[in-house]
Amino acid sequence: MYTVISKQLTKALLAPRLLQAMLLSLLMAASAWVLAHDSSKQKDTLYVVSERWPGYSNADGSGLYFELLKAVFEPAGVAVNIRIHPILRGIASLHSGEHADVMLADWGRQHLAKSPQYQLERIIFPHYPIFVEYVEAVFAPESTLSWQQLKADSSKRLAWLRGYNYDIHLGLEQHPVTLLNSGEQGFKMLIKGKIDCYLNDRSDLDVLVDTDVAKAVAWRKELVATRKLYPLFHNDPRGQRFSDIYDRRMAAMQKSGELQRLYQRFGKDYQQVLADEIDPVN
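All letters in the sequence shown, in the order written, are residues -36 to -1, 1 to 246 by mature numbering (1 follows the signal peptide of the UniProt record, and there is no 0).
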């Protein structure tokens, strides 16, 4: 009887200690993970988020934007980690800074100040642009509308990709707008007569011209505005450091001619990126 009671008592005494040991092990493991997680943020790695723009930010890590960032940061001892996100998710990651140091790419501060989806106090804008956006209006071939006429008539129906606030930036707040999930939708709606104009970046339109729906007819296009595009850095000491490296290296690469040669590899001219912006036609 004594032996049985003794064993039961021993188990009862050991149980809390075993539980404590297990909890301690879990806490130690969690602490180790936190330390590792925190220390990984301190390493020289630039975390990049970008929408997928063929030829500029490809899903496999190639493209003009990504090759430029590698050329800028890797010689400075900074690795480049790339993630592809839709633009709205990318903006959220940029604001939080938890998963992104920089987002590619959007307009300058003076323009994004009008955009409700950006929190400018959370963003650092570098000096050097990465590219330029040519905003183009696409009309059906039979349409006789000009951009100036369309803008003056608030009954005209427009469409553009979700996340692109052209209504705010181009003075189109009174026009009926359809937000698209894909560029092909814009062409389809034009063909069916559901919209009068489809707005998009020339780079996107250049990719879409090879799709079946875009090949269906000869579209008429008109340049509406040009806006410089910048990598947007998260506003904290880490982001400031990366922004400083970016501007310093871009200046050196421009002086040496390396920057122009890199852009020429992709059929682009960096001097055009630096050219003056064109404001929307009133």
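Beta carbons are placed, not taken as given, at the ideal position from N, Cα and C, and that holds for glycine.
Coarse secondary structure for residue i, derived from DSSP in three states
i: residue 98; result: strand
i: residue 207; result: helix
i: residue 20; result: coil
i: residue 131; result: helix
i: residue 110; result: coil
i: residue 36; result: helix
i: residue 155; result: helix
i: residue 103; result: strand
Start-to-end residues for the beta strand (DSSP E) that takes in residue i
i: residue 186; result: 184 to 198
i: residue 124; result: 122 to 125
i: residue 48; result: 43 to 48
i: residue 66; result: 66 to 70
i: residue 12; result: 9 to 14
i: residue 141; result: 141 to 144
i: residue 165; result: 161 to 165
Residue closest to residue i, alpha-carbon to alpha-carbon, out of the options
i: residue 104; options: 84, 150, 49 and 210; result: 150
i: residue 120; options: 174, 159, 152 and 153; result: 159
i: residue 47; options: 41, 40 and 55; result: 55
i: residue 241; options: 204, 14, 189 and 49; result: 189
i: residue 176; options: 147, 161 and 37; result: 147
i: residue 44; options: 118, 8, 58 and 140; result: 8
i: residue 152; options: 183, 132 and 139; result: 183
i: residue 35; options: 223, 118 and 162; result: 223
i: residue 230; options: 16, 154, 27 and 186; result: 27
i: residue 61; options: 178, 134 and 202; result: 202
i: residue 181; options: 154, 187 and 161; result: 154
i: residue 16; options: 40, 42 and 49; result: 49
i: residue 12; options: 58, 40 and 39; result: 58
i: residue 116; options: 139, 82 and 84; result: 139
i: residue 37; options: 84, 244, 212 and 178; result: 212
i: residue 185; options: 204, 143, 174 and 161; result: 161
i: residue 132; options: 82, 232 and 228; result: 82
i: residue 76; options: 108, 134 and 25; result: 134
i: residue 244; options: 163, 64 and 233; result: 163
i: residue 64; options: 157, 14, 226 and 225; result: 14
i: residue 106; options: 143, 226, 156 and 141; result: 156
i: residue 84; options: 226, 200 and 228; result: 200
Cβ distance (whole Å) where residue i is taken to contact residue j below 8 Å
i: residue 125; j: residue 136; result: The pair is not a contact, with the Cβ atoms about 14 Å apart (cut-off 8 Å).
i: residue 129; j: residue 79; result: 5 Å
i: residue 66; j: residue 10; result: 6 Å
i: residue 214; j: residue 92; result: 4 Å
i: residue 32; j: residue 127; result: That belief does not hold up - the Cβ atoms of residue 32 and residue 127 are roughly 23 Å apart, past 8 Å.
i: residue 269; j: residue 187; result: Past the boundaries of the shown model lies residue 269; the chain is included only from -36 to 246, so the question cannot be answered.
Range of the contiguous alpha helix (DSSP H) that encloses residue i
i: residue 82; result: Taken as a continuous stretch (DSSP letters only), residue 82 belongs to no alpha helix (DSSP H), as it is neither H nor E.
i: residue 221; result: Neither: residue 221 is in no alpha helix (DSSP H) and is coded neither H nor E.
i: residue 60; result: 51 to 60
i: residue 235; result: 234 to 237
i: residue 74; result: 73 to 76
i: residue 177; result: 176 to 179
- Task: Decide if the stretch 188 to 196 is in contact with the stretch 88 to 95; the criterion is three or more beta carbon pairs, one per stretch, under 8 Å apart.
- Result: Short answer: they touch.
- Three CB pairs or more closer than 8 Å across the stretch 55 to 75 and the stretch 93 to 108: Inter-segment contact for the stretch 55 to 75 and the stretch 93 to 108 is present: three or more beta-carbon pairs are separated by less than 8 Å.
- Message: Check whether the stretch 20 to 28 and the stretch 203 to 220 are in contact - that is, three or more C-beta pairs closer than 8 Å.
- Response: Inter-segment contact for the stretch 20 to 28 and the stretch 203 to 220 is absent: fewer than three beta-carbon pairs are separated by less than 8 Å.
- Item | Inter-stretch contact (C-beta, 8 Å, three-pair minimum) for the stretch 199 to 216 and the stretch 109 to 116 | Two segments are said to touch when three or more pairs of C-beta atoms, one from each, lie closer than 8 Å; by this definition the stretch 199 to 216 does not touch the stretch 109 to 116.
- Is the stretch 175 to 195 touching the stretch 237 to 246 in the sense that three or more CB pairs, one from each, lie closer than 8 Å? Result yes; three or more Cβ-Cβ pairs closer than 8 Å.
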